[in-house]
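Shown next, in structure tokens, is the structure this report addresses.
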Amino acid sequence: MAVATPPVEEKIQPYRPSSPRPKSPHVTIYRWPITMAMSIAHRATGAALYAGTVLLVIYLAALAMGEQSFHYVQAVYQSLIGQFILFLYSLAFVYHMVGGIRHLFWDVRPGLMEKHCATKTAWATIGISLIVTIFIWFVACTFF
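Those letters in the sequence shown? Residues 15 to 158, per the numbering used here, in order.
If you want it as structure tokens, here you go:
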């Protein structure tokens, strides 16, 4: 016949390291592949465009509210900080659009997803986005 023994009391102590734990070495030496950075940036610009739509809503609301409101919002948008924010917004728009076109090309030609092609198209996306955004702002500042 088996006889049960009373449980042994164990003292469980919380873990308290004597010194901070070292970081894993990969944290300091790991370099993001350009394709990973582009994927994250594409998602981030999508979110920024969603949030930045508030700028357009404010502009249209000020237009509907009257001349004084419109001039106030226009003055804010024409300030240095306003221009910088609008430049970043337009850069996000162009980058997201060019990245979307890149994804459409991937759907048509899956061979473009190979590492060497994906890296080249990633850098091309960045370059095209910068060139197109600067061109848009050059035209806008010159003619409007």
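Positions of the beta carbon are idealized from the N, C-alpha and C atoms, including for glycine.
Helix, strand or coil for residue i per DSSP?
{"i": "W46", "result": "coil"}
{"i": "G141", "result": "helix"}
{"i": "S53", "result": "helix"}
{"i": "R123", "result": "coil"}
{"i": "F158", "result": "coil"}
{"i": "K25", "result": "coil"}
{"i": "S104", "result": "helix"}
{"i": "T19", "result": "coil"}
{"i": "E81", "result": "helix"}
How should residue i be labelled, buried or exposed, when 16 other C-beta atoms within 10 angstroms of its C-beta is the threshold for buried?
{"i": "I109", "result": "Before going further, note that residue 109 is Tyr rather than Ile in the sequence given. When all chains shown are included, Y109 counts as buried."}
{"i": "A61", "result": "exposed"}
{"i": "L77", "result": "exposed"}
{"i": "G114", "result": "exposed"}
{"i": "A65", "result": "exposed"}
{"i": "T156", "result": "exposed"}
{"i": "A55", "result": "buried"}
{"i": "T147", "result": "buried"}
{"i": "M52", "result": "buried"}
{"i": "V71", "result": "exposed"}
{"i": "V87", "result": "buried"}
{"i": "V17", "result": "exposed"}
Can you give the beta carbon distance from residue i to residue j, rounded, assuming they're within the 8 Å contact cut?
{"i": "L144", "j": "T135", "result": "Incorrect: roughly 15 Å between the Cβ atoms, too far for contact."}
{"i": "T59", "j": "A106", "result": "4 Å"}
{"i": "L69", "j": "Y44", "result": "Not a contact, Cβ separation roughly 36 Å."}
{"i": "R116", "j": "T139", "result": "5 Å"}
{"i": "F101", "j": "W151", "result": "6 Å"}
{"i": "I48", "j": "W137", "result": "7 Å"}
Under 8 Å between C-beta atoms, does residue i make it to chain C?
{"i": "W151", "result": "Included in the structure is just one protein chain, with no chain C present."}
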